[in-house]
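Colleague:
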Amino acid sequence: MKLSFMTWLCPDWDVKQILNAAKKYGYDGVEIRVESNQKHGIELAASKEERLATKKAFADAGIEMSCVATSLQFAIPDESKQKGNIETIKKYIELCVDTGCPYIRVFGGQTAPGEIKGVVSFTADALIKAADCAKGTEVEILLETHDNFSQSVRVAEVLKTAKHPKLNALWDVMHPFRLLDSFSYAYSNLKGYIKHLHIHDGMYLENGAKMDICLLGEGVIDHRIPMKFMKEEKFSGHFSVEIIGKGEPGKWLEQYAKKFRGYEREI
7 MKLSFMTWLC PDWDVKQILN AAKKYGYDGV EIRVESNQKH GIELAASKEE RLATKKAFAD
67 AGIEMSCVAT SLQFAIPDES KQKGNIETIK KYIELCVDTG CPYIRVFGGQ TAPGEIKGVV
127 SFTADALIKA ADCAKGTEVE ILLETHDNFS QSVRVAEVLK TAKHPKLNAL WDVMHPFRLL
187 DSFSYAYSNL KGYIKHLHIH DGMYLENGAK MDICLLGEGV IDHRIPMKFM KEEKFSGHFS
247 VEIIGKGEPG KWLEQYAKKF RGYEREI
C-alpha cells in the first residue's frame, strides 16, 4: 500500500528536502499543504516554469504528489463566497494539472445552525459546481471527514446527493472515530468513494476531554482495521500521515513508516 506524508510535518523544508526525506524513510508520495506559508513554494503564485520543474523533480525522485490540501470550505450558504470558491478551485485544478497531482482536498467547514438535510443539499450543489470545473482533466475533488463533516454519514450523503464522478471522499480515520463512528460504520458509509486517507494516531488526555496526536501504535486508533478494509478492496491510493506542529519531522516520518509497514505485513 502507498504511504504519503503531508507537508504540515515539515513546513520549513523546500521541495528538495521533502523529496530526499520521502526517499530516505520509504514514502511513496507527498501531500502538499497549500495556503499555510510553507517553504515548498507549490502554491497558486508559482509560475508555469516552477510548476513544471516541481513535476520533474517529483518524477525524477520516483515520488508521487498524492494530493493538494486546501482550506476551501463549501458548506457556506453565501453565494458570493461560493463564487469565490469556484474561481479558486479552478486555479487549484490548473496547479494540479501542471504538477501532475490527481486530487484536491476540500472541507465542508463549520455549518450554520439548521437542519442537516438542508446543509447537505446546498453543500452538494456547491461541490457539483466545483467538480464540474475538473471535467476534461485527471483531477478530482475530495471532501474530507473533518469539522462539521467529521461524521462519515454526512460526507456520504453529500456525495450521494451530488452524484458527480469528479467528487469523492478523503477519509481521515481519526475524526469519525472521535465522534463514535466505528471503523466498520465509517467504511460502510464511504465505501466506493474513498480515494485518499489521512492517518494519525491519538491518545486521550484530561480524562478524555482532549485528544493529542502521538506515535503510531501508541494511541487508541487501530489503523490496522481501515488498512485491512482498503487492502481488501485493492485500494491504489495513498495513506497520508498528517502531523501538525510537533517538530522533529524525521522522528515522526521514520516511526510512522516503520509501524505502517509492520501493520501492512500483519493484515
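Position 121 (the sequence shown) corresponds to 127 in the numbering used here; numbering is contiguous.
For each residue, glycine too, the CB sits at the ideal point set by N, CA and C.
(1) Assign K172 to one of two classes, buried (16 or more other C-beta atoms within 10 Å of its C-beta) or exposed (fewer than that).
(2) Going by the CB atoms, is the gap between H202 and I219 shorter than 7 Å?
(3) Measure the C-alpha to C-alpha separation of Q44 and E37 and round it to an integer number of angstroms.
(4) Name the two residues that bound the continuous alpha helix (DSSP H) containing W258.
(5) Could you round the C-beta distance between A276 and N213 to whole angstroms and report it? I think they count as a contact, below 8 Å.
(6) Assuming the contact rule is C-beta atoms closer than 8 Å, W177 and I200 should be a hit. Round their C-beta distance to whole Å, please.
(7) Residue ranges of each alpha helix (DSSP H) run of no fewer than 4 residues wholly in the stretch 62-144, ordered along the chain?
(8) Alpha carbon to alpha carbon, how far is S190 from G223? Give it in angstroms, no decimals.
(9) Are the Cβ atoms of L221 and Q157 separated by less than 7 Å?
(10) Is the beta carbon of V21 closer than 7 Å to that of V74?
(11) Between the alpha carbons of F183 and P232, how many angstroms are there, rounded?
(12) Would you be able to state if there are at least three C-beta pairs under 8 Å between the stretch 62-78 and the stretch 105-118?
(13) Taking buried to mean at least 16 other C-beta atoms within 10 Å of its own C-beta, is G68 buried or exposed?
(14) Is the Cβ-Cβ distance between Y204 and E270 less than 7 Å?
(15) By how many angstroms is the C-alpha of A263 removed from the C-alpha of F155?
Modeller: Reading it off the structure:
(1) Residue environment for K172: buried (at least 16 other C-beta atoms within 10 angstroms of its C-beta).
(2) Between I219 and H202, the C-beta gap is not smaller than 7 Å, which leaves the two residues out of contact.
(3) Rounded to the nearest angstrom, the two C-alpha atoms are 13 Å apart.
(4) P255 to E272 is the span of the alpha helix (DSSP H), which, as asked, contains W258.
(5) Lying before the first or after the last residue shown, residue 276 is absent from the chain, which here runs from 7 to 273.
(6) Going by Cβ atoms, the distance from W177 to I200 rounds to 5 Å, so yes, they are a contact pair.
(7) Note on the stretch 62-144: whole alpha helix (DSSP H) runs with a minimum of 4 residues are 85-105 and 122-138, in chain order.
(8) Approximately 19 Å, taken between the alpha carbons.
(9) No, Cβ-Cβ distance for L221 and Q157 is not below 7 Å.
(10) Taking 7 Å as the Cβ cut-off, V74 and V21 do not qualify as a contacting pair.
(11) CA-to-CA, the gap between F183 and P232 works out to about 11 Å.
(12) In this structure the stretch 105-118 touches the stretch 62-78; the number of beta carbon pairs closer than 8 Å is three or more.
(13) The Cβ neighbour count for G68, taken over all protein chains shown within 10 Å, is under 16; the residue is labelled exposed.
(14) According to the sequence as given, residue 204 is His; it is not Tyr. In this structure, E270 does not lie closer than 7 Å to H204 by Cβ.
(15) Going from the Cα of F155 to the Cα of A263 covers about 28 Å.
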